[in-house]
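Have a look at the structure below before the remarks.
Number of protein chains: 2
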Amino acid sequence: MRELRVELEERSYPIYIGEGLLNETGAMFEKHGITAKSPVLIISDENTAGLYLRRVEDALKQKGYRTASYSVPAGEQSKTLALLQDAVTVALEAGLDRSSTVIALGGGVVGDLAGFVAATYMRGIRFVQIPTTILAHDSSVGGKVAVNHPLAKNIIGAFHQPDFVLYDIDTLKTLPIREVRAGLSEVIKHGLIWNEDFAYWCEANASKLLALDSEALIYALYEGCKVKSIVVSQDERENDLRAILNLGHTIGHALEAVAGYGELLHGEAIAIGMIGAARISVKMGQPQDVLTVTERIFNAFGLRTAIPAHLDTDSIMSAMMHDKKFKEGTMVFILPKAIGKVEIHKDVPISLVKETVDFLKQEG
Amino acid sequence: MRELRVELEERSYPIYIGEGLLNETGAMFEKHGITAKSPVLIISDENTAGLYLRRVEDALKQKGYRTASYSVPAGEQSKTLALLQDAVTVALEAGLDRSSTVIALGGGVVGDLAGFVAATYMRGIRFVQIPTTILAHDSSVGGKVAVNHPLAKNIIGAFHQPDFVLYDIDTLKTLPIREVRAGLSEVIKHGLIWNEDFAYWCEANASKLLALDSEALIYALYEGCKVKSIVVSQDERENDLRAILNLGHTIGHALEAVAGYGELLHGEAIAIGMIGAARISVKMGQPQDVLTVTERIFNAFGLRTAIPAHLDTDSIMSAMMHDKKFKEGTMVFILPKAIGKVEIHKDVPISLVKETVDFLKQEG
Ligand SMILES: NC(=O)c1ccc[n+]([C@@H]2O[C@H](COP(=O)([O-])OP(=O)(O)OC[C@H]3O[C@@H](n4cnc5c(N)ncnc54)[C@H](O)[C@@H]3O)[C@@H](O)[C@H]2O)c1
Ligand SMILES: NC(=O)c1ccc[n+]([C@@H]2O[C@H](COP(=O)([O-])OP(=O)(O)OC[C@H]3O[C@@H](n4cnc5c(N)ncnc54)[C@H](O)[C@@H]3O)[C@@H](O)[C@H]2O)c1
Ligand SMILES: [Zn+2]
Ligand SMILES: [Zn+2]
């Protein structure tokens, strides 16, 4: 088991990454001084509930904790205020009090919803994350929690740091391979924005990672979380530096929106977005390497690097416009300067972005 | 105009109390460095919208601020997640961004709802309170914001401090007298828990306050807010000291619940609760004065000091039980030791509480 400390002053917390950790849930609760007098609410989704809920409940019961559970349908459409209210119904009926804890047992969807429940129930109670997807390594650092509004994703939320994160990589064995691959895209992103060695390590270990080799996976999740935690420690409330985490996300979000959520997973969309950012960067004068290496890495993971041809360029452009990073013919973009280094550019010509989108479609 | 600073480290903020302040809204926004580039959302209720919205909008427009507005039905039933979602719809359509501000123009209901919108929109934006009730002097200090759940009041919320509070006492002139009287009950509470001189001053100035004499009102709101701010500064997240603010609230909440919200206003219920606490205190050995003076003060304001006779004692008791401050035949109570001083008692016999409730009913 490896342990990473996310440094956020009095809100600092550890991330435990290893095998067989679900069975340690109760012991970890004790270690973190969580009282057994107050009930614990475990929030999961229909997939993670069936697979892992019982194990977590048992581990808690063994140490004398009382639990209640609430499970939502799988998928993004569960991040709503309506389900937050339902979760609170369960919390109230189970008698959760101000010393209680909410556990998120699942991927980023469950993490965001359960985290927002913990942030707002009685104006904030303890929160423990048990991520069960690779993508959730990202959401396990930074304390961003939220639900969606019919008109905008993640628009209603809070910053609420967990007490600790228990990352049992055994749970990843049941994850569909497409989710594994897409989740790794966000791991690679952490290499690309901050850590050249790690980015190259990812390329070299692509097949091990896709095969969920334990040692490689623990290392990759550790390094991925570490990059994010360094960035977040320096900018907890997203004022400035934290923007670099959005490498690939400007184009990626537009692709997700136009494709309709579902055709492209988030990780798949931002992989293409990172290729787009690298191409723009090269066109603006960075060495060709930035693009070729980025492409090589994503190819090693079998992540597609081209935009599905049937997506309309104008729709993609106007989805980006909607993101409101545009200003007088230019827009703000996070661009790679080299592998492991990015810069915020406020002056990327819209015409160049459009040209890039068009080019990436012909590739497809 | 008087100014009180609520000391909460980097979340400190001023409360401006005076006449004609609504017209200064725009100037105050400028003074607080709020950008005119981002739109402002004004949340009000059907009463305050009709009376004061236009004035606030004009004052902001004069200084170049763009505004949007959202108004909810008057009353407690507007503190819901559904209306929070509606408010966010308006915020999104008006283009509110991370530099935008939400204004609460109204009493405690609007303050709690708008504050929770500000706390959660894009994970927290600026918040300005323009309280228009006397009771809202209480909610303007401390940063507690929340909505209700069908099973529990104020159970979903956050701590979110305003940038500043603009308390225009002219708005109180349209407040129904019953609301004035009930709001003053919470002002008196602040004297009773912390400031003997102020408690006696309230008694001596009861008729001036009920007549909304400007000088008296500004002084009373200032002193009331000051007590609360001292307590909150020492205990922002309600760990301990802050509990003393609940003088009268254990019995008061039970009466509100049993009477059905509406028969007794919050301020009316806690006035009776404070009489109850004083009576329990005397029975437990404090000097008789604590009770006689407390009664005298509330009498001076025409606030009823007895429980409506038709309310069932057992129902009141079980509503208190529901509050879960009970433990093996005793319960936790905030009790006055003297005028201007309270203590937390963890060992008040339930039998004494019941006897007190019964006694207060015979008084009625
Ligand atoms: N808070 C943050 O900082 C942050 C960061 C990144 C992403 N997110 C959010 O995360 C969400 C996406 O996360 P995600 O990709 O984990 O999605 P997800 O939670 O929907 O999980 C993806 C799918 O895998 C299933 N699943 C999860 N774990 C499984 C397991 N171990 N075995 C089998 N199936 C499993 C889920 O039921 C779901 O169907 C988005 O809502 C996004 O906004 C948040
Ligand atoms: N956040 C806190 O710390 C805190 C503290 C105390 C109370 N509260 C909350 O405050 C709420 C009660 O506040 P309230 O008593 O101000 O209730 P309220 O906001 O419902 O106002 C009472 C009534 O007066 C009307 N009104 C308001 N201003 C008016 C004006 N100037 N002229 C004419 N009518 C006017 C309202 O429309 C309403 O009908 C409760 O929901 C309570 O939970 C919160
Ligand atoms: Zn992402
Ligand atoms: Zn009160």
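First to last, the sequence lines map onto chains B and L.
Here the first sequence is numbered in full-length UniProt numbering, starting from 1 and rising by one per residue.
Here the second sequence is numbered in full-length UniProt numbering, starting from 1 and rising by one per residue.
Just so it is clear, CB atoms sit at the ideal spot from N, CA and C, and this is done for glycine as well.
Residue i, buried or exposed, once every other Cβ within 10 Å from all chains shown has been counted against 16
i, result
"A306/L", "exposed"
"R181/L", "buried"
"Q161/L", "buried"
"D347/L", "exposed"
"S99/B", "exposed"
"I17/B", "buried"
"L83/B", "buried"
"S78/B", "buried"
"G157/L", "buried"
"M321/L", "exposed"
"S351/B", "exposed"
"D314/B", "exposed"
"P287/B", "exposed"
"residue 367/L", "Chain L is shown from 1 up to 364; residue 367/L falls before or after that span and cannot be answered."
"L245/B", "buried"
Element boundaries [alpha helix (DSSP H), containing residue i]
i, result
"G273/B", "H266 to K283"
"V6/B", "Unbroken run through V6/B is the beta strand (DSSP E), R2 to V6; no alpha helix (DSSP H)."
"N299/L", "D289 to A300"
"D197/L", "E196 to A204"
"K31/L", "T25 to K31"
"L81/B", "L81 to E93"
"D138/B", "A136 to S139"
"Q234/B", "S214 to Q234"
"T250/B", "H249 to A259"
"D314/L", "T313 to H322"
Residue i CB to nearest heavy atom of ligand 1 below 6 Å
i, result
"K144/B", "yes"
"S139/B", "yes"
"E238/B", "no"
"D168/B", "no"
"T80/B", "no"
"G106/B", "yes"
"E179/B", "yes"
"H109/B", "What sits at residue 109/B in the sequence shown is Val, not His. Answer for V109/B: yes, Cβ within range of ligand 1."
"L175/B", "yes"
"D112/B", "yes"
"T250/L", "no"
"E120/L", "The amino acid at residue 120/L is misidentified as Glu; the sequence shows Thr. No, the beta carbon of T120/L sits no closer than 6 Å to any heavy atom of ligand 1."
"T171/B", "yes"
Limits of the unbroken beta strand (DSSP E) element including residue i
i, result
"M331/B", "T330 to A338"
"H345/B", "K341 to P349"
"A49/L", "Note, A49/L: premise wrong, no beta strand (DSSP E); not H, not E."
Near ligand 2: residue i beta-carbon under 6 Å from a heavy atom
i, result
"T89/L", "no"
"D45/L", "yes"
"T25/L", "no"
"A74/L", "yes"
"R58/B", "Looking at the sequence itself, residue 58/B is Asp, so the reference to Arg does not match. No - ligand 2 has no heavy atom lying nearer than 6 Å to the Cβ of D58/B."
"A136/L", "yes"
"T67/B", "no"
Assumed close pair residue i, residue j - CB separation to whole angstroms, cut-off 8 Å
i, j, result
"D168/B", "I134/B", "So it is not a contact: roughly 13 Å between Cβ atoms."
"W194/B", "I218/B", "Between I218/B and W194/B the Cβ distance is about 19 Å, and since that is not below 8 Å, they are no contact."
"E203/B", "R296/B", "6 Å"
"L113/L", "T132/L", "Contact doesn't hold; Cβ gap of about 14 Å is too wide."
"R65/L", "V102/L", "Reading off the sequence, residue 65/L comes out as Tyr, not Arg. No, Y65/L and V102/L are not in contact; Cβ-Cβ is about 13 Å, not under 8 Å."
"E57/L", "I34/L", "That belief does not hold up - the Cβ atoms of E57/L and I34/L are roughly 15 Å apart, past 8 Å."
"L22/L", "T171/L", "7 Å"
"E268/L", "L303/L", "6 Å"
"G142/B", "K228/B", "6 Å"
"G107/L", "V145/L", "At roughly 14 Å, the Cβ-Cβ gap does not stay under 8 Å, so G107/L and V145/L are not in contact."
"L81/L", "Q85/B", "5 Å"
Identified DSSP bridge partners for residue i
i, result
"Y121/L", "I156/B"
"V144/L", "With the sequence shown as reference, residue 144/L is identified as Lys, and Val is not the correct amino acid for it. F159/L."
"Q129/B", "A104/B and V165/B"
"K37/L", "DSSP lists no partner for K37/L."
"I43/B", "Y70/B and A104/B"
"P14/B", "R5/B"
"H149/L", "A152/L"
Minimum Cβ-Cβ distance from residue i to chain D less than 7 Å
i, result
"G157/B", "No chain D is part of this structure, whose protein chains are labelled B and L."
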